[in-house]
Structure formats: structure tokens, C-alpha cells
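In the working numbering, the protein residues as written are 1 to 210. Structure, as C-alpha cells:
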Ligand code: GAL
């Protein structure tokens, strides 16, 4: 919740401004959701997890899923739409494939062999048509359960499973790291417009489970 207010306020300033937007927030603490004033035709729908996302089928054409510890800084709009949208991870866009931090243990469902893989995709953001995103999240959740039953946790959790999914189900659009940069204070000459970034966080504070 410490990130949500900033996330929503920055999205109100930059994300699909002028379009109809429904934010779906999946949280275990619905009572703690901050009050953020939203523009016309924009609303926040809060769902306590665990929850099904099938209700979105008749509601929306496209959906983006974001980690909430992130913030918008510049326009993000219809140029990002496609059936299956992936974002190239901001730390690996100029790395050779063998340096990608894919899951390398064959016993995991997220396994990618050394000579395979196109890009290293970020796990904190993906999108597409509701049907495609539903297929993706359902598949990745199932694969994570299979791993869990074998007491294996993929190296980068859902990001590892997402990378495996995209290897065999190619995204129809790739967003460059301008759509997910490292940190707003991490300068770069390569990315001219930083549209969205992760927020620097203190892991010990926000993830008591690690
Ligand atoms: C880090 C990032 C992690 C994960 C990792 C992959 O930069 O903070 O969330 O994506 O890269 O190697």
C-alpha cells in the first residue's frame, strides 16, 4: 500500500489519459486502499485475493498487469496495445543471451536451455487482450503450482515462468525499456523518454518473506 497512492496518481497523469480506464487492484488488504481522486470514465475496482479474473471478459478489451512498486513519468497510451505485450527488462536489453537470468534447472517448469530464448522480459509488467493475458496467467500459475509441489521455486519467481511462456508463445508486441526503466534516478543516454519505472525499495521492509 505504500506504493499505491503514487502509482495511481502518476497513472492518472500519464496512463491512457483521455481513455476509459478501469484499474483492477488485487490485494489482501482492501481496507487499506488509499483514496485517490480519479478522472472521468476512470475507476478503481478492488478485489480481495484470491480472486478470479474471468469477470474481466465482458468488461475490457485490453489489460495490463503491473507491479505496484512502480510509477508513471510520461505518456503511456494506445501505442502499447496488442494481443500479447511484453517488456524488455531494463537490465538485460544489451546483454547476450547466455547472461539472461532465466531458470536453468531442467526440473523447473520455467526451464530455458542455454541456447534458447529471444529476450529477457520483465515480470513486473505485461499486457494484451484479456483472453491472452488470462491464458498466460493461468498457465504460469499452474506451472508455479507444479514447481511448488516439487519444492522448486524458479529463480525470479513469476518472471521466470513468464519468460518461459513467452519463449513458446511469442508476444505480438515488445515494449522497450522506456516503458519500464530501472529507477528514475538511474540516468541513461539510450532511453530518451522514461515513461515508467520501478520504485527503489528496501527489500527487508516490503518483503518479510525473504
Ligand atoms: C533485477 C530485478 C529483479 C529481477 C532481476 C532479474 O534487476 O530487480 O526483479 O527482474 O533483475 O535478473
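Heads up, the beta-carbon is just placed ideally off N, CA and C, and yes, glycines get one too. Because the structure is a prediction, the values reported are computed rather than measured.
Straight-line measurement puts the Cα of residue 84 at about 27 Å from the Cα of residue 105.
Proximity to residue 68 across 177, 140, 127 and 25 peaks at 25, based on C-alpha coordinates. As summarised for the segment 121-202, the continuous alpha helix (DSSP H) elements at least 4 residues long and confined to that stretch are 130-149 and 158-168, given in chain order. Judged by DSSP in its simplified three-state form, residue 80 adopts helix. DSSP places residue 71 inside the beta strand (DSSP E), whose first and last residues are 70-72. Here the alpha carbons of residue 187 and residue 200 stand approximately 14 Å from one another.
Under the DSSP assignment, residue 48 falls in the beta strand (DSSP E) whose first and last residues are 42-48. Assigned with DSSP and collapsed to three states, residue 66 falls in strand. Segment contact: the segment 162-175 against the segment 84-98, three or more CB-CB distances shorter than 8 Å; contact assigned. Residue 148 sits exposed, since fewer than 16 C-beta atoms from the chains shown fall within 10 Å of its C-beta.
The C-beta of residue 158 has 16 or more other C-beta atoms within 10 Å across all chains shown, which makes the residue buried. Two segments are said to touch when three or more pairs of C-beta atoms, one from each, lie closer than 8 Å; by this definition the segment 115-129 touches the segment 88-97. With a cutoff of 7 Å, residue 159 counts as near ligand 1, since its C-beta is closer than that to a heavy atom of the ligand.
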